[in-house]
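For the record, the sequence lines run as chains A and B. Residues 1 to 198 (my numbering) are what the first sequence spells out, left to right. Residues 1001 to 1213 (my numbering) are what the second sequence spells out, left to right. What follows is a single structure, written as structure tokens, with notes after it.
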Amino acid sequence: MSDGSVAHRHIGGNANATPEDLRLFAGVRARELDAFEALYRLYHPRLARFLLNLLRRPTLVEEVLNDTLFVVWERSDTFRGASKLSTWIFAIAYRKAMKALRRLDEPVEDRDAELRPSGDDGPDAPFERERTQQALLSALAKLSPDHRTVVDLTYFHEMGYREIATIMDCPVDTVKTRMFHARRHLRRLMDGELADWL
Amino acid sequence: MMARILPFTADPHRETRDLMPWLITGRLDPEEQARVEAHLTTCEECSRELAGERLLAGGIAELPIATGIGWAAMRDRLDTAARQAAFVPAPPAGRRRFTMSQIGAMVAAQAALLAAAVTITLRVEAPTAPYHALGSAPAAAGGNAIIVFRPDARESDISRLLKANDARLVDGPTAANAYVLHIPDAVRTQALNRLRGEAAVVLAEPLDTAALR
């Protein structure tokens, strides 16, 4: 269970720099379904994590994730190579996710229940670490979607602020400001919990 | 080196505070990193902040967020798109170049079945009907375009789009949730272009009955 998330993290950290995705993308442009499936599987964990963190609804995540990768398949000719492939794909995902949130037009801060690790608050949750994780998930859920996005892209996907600015289509200073406010909110919401983290 | 100095350099405390997250993940330029690290050696407040921030960063990176969704849903979607593409008699150059060898004989067979189904539907409905009903439009004067709406498209949106583009619903939904439309020939190309630009539309392509025979 937690092994999976750790594995995701490694994929998230390393795939940014690998040429593997560009090789597969060349196959996608040649309309090779096998290449697309491999690219899909390569990006799926990162995009699922990114979108679930942003959208908070598993059903919507599936829709937006597949919308995103369908665009990659259908509109592969529009990638010009001006940015990294991952930046292009995350930018599509971000735009689609924000559009989905606007369409829903409802608050998104209180829907974190599905995201919590199994055994949420139950008799099987004896560990401090899990309790702290739940507190952190809950705190993240209280951030605005934009703040949550910057935090996740920075700390989980390990992207630089310039790349995040490209994905979110905003100035780099806005990314820094959002990150600063998000960190401040999180630290306040976590209160003493972080000290128990390690 | 001086030419690369960024606006926040005037206030190293603030710059350090703002760039700290990317110092932790190793995503700063060498110059930025050098400035931030230099400030950290002299500022106890920033050093304390950095220690707390590392805990936060580690906690977020390790959060167990995972979903059970996968490739199967995307494969279904591609199959649907491939079936729709198989309806299109003469796609414009560069569009929807699905290679059937990749997508497989299964999709080809499904497309053939669907084409047959539409043909049968149109032929069954072709005999003169005593009443003029939406579903009884004769095939010959009927479908000349095919459209697929998003699954969550609302009826009101569909009606509005059809009216705005002078399109009439002739048949459907097919097994692949496609609808056959009639659009006056003079405006068909423009109408389809407009429909393709709509968020509620997955696919809108011309359809010539010759392709169904």
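For glycine and all other residues, C-beta sits at the position ideal for the given N, C-alpha and C. What you are looking at is a predicted structure, and each value in this text was computed from that prediction instead of being measured.
Among the bridge pairs identified by DSSP, I1147(B) is matched with Y1179(B) and A1204(B).
Residue-level contact by beta carbon fails for P1030(B) and chain A, as no gap is shorter than 7 Å. If you draw a 10 Å sphere on the C-beta of S1047(B), you find fewer than 16 other C-beta atoms in it, and that means exposed. S1156(B) counts as exposed, since fewer than 16 other C-beta atoms from the protein chains shown sit within 10 angstroms of its C-beta. Not one beta carbon of chain A lies nearer than 7 Å to the beta carbon of P1012(B).
According to the DSSP assignment, L54(A) belongs to the alpha helix (DSSP H) that extends over L33 to L55. At least one beta carbon of chain B lies nearer than 7 Å to the beta carbon of Y161(A). Of all alpha-carbon atoms in D1018(B), A1081(B) and L1055(B), the one lying nearest the alpha-carbon of R1150(B) is that of A1081(B). Around the Cβ of K1163(B), a 10 Å sphere holds fewer than 16 other Cβ atoms; the residue is exposed. For E158(A), the neighbours in chain B by C-beta distance under 7 Å run, in chain order, T1025 and R1027. Using a CB distance cut-off of 7 Å, L136(A) counts as an interface residue toward chain B. Residues of the segment 1035-1053 of chain B with a Cβ closer than 8 Å to any Cβ of chain A, in chain order: G1052 and E1053. Collapsing the DSSP output to three states places R103(A) in a helix.
At a beta-carbon threshold of 7 Å, the residues of chain A lying near R1077(B) are N66 and F70, ordered along the chain.
Taking 7 Å as the cut-off, the Cβ atoms of A139(A) and M190(A) count as close.
With fewer than 16 neighbouring CB atoms inside 10 Å of its own CB, E128(A) falls in the exposed class. By the 16-neighbour rule on beta-carbons within 10 angstroms, P1030(B) is exposed.
Per DSSP, the continuous alpha helix (DSSP H) segment holding L136(A) begins and ends at E128 to A141.
Around the Cβ of P1064(B), a 10 Å sphere holds 16 or more other Cβ atoms; the residue is buried.
Using a CB distance cut-off of 7 Å, Y94(A) does not count as an interface residue toward chain B. Under the Cβ criterion of 7 Å, M98(A) is not counted among the residues facing chain B. Fully enclosed alpha helix (DSSP H) runs of no fewer than 4 residues occupy 1030-1042 and 1044-1061 of the segment 1021-1075 of chain B, in order along the chain.
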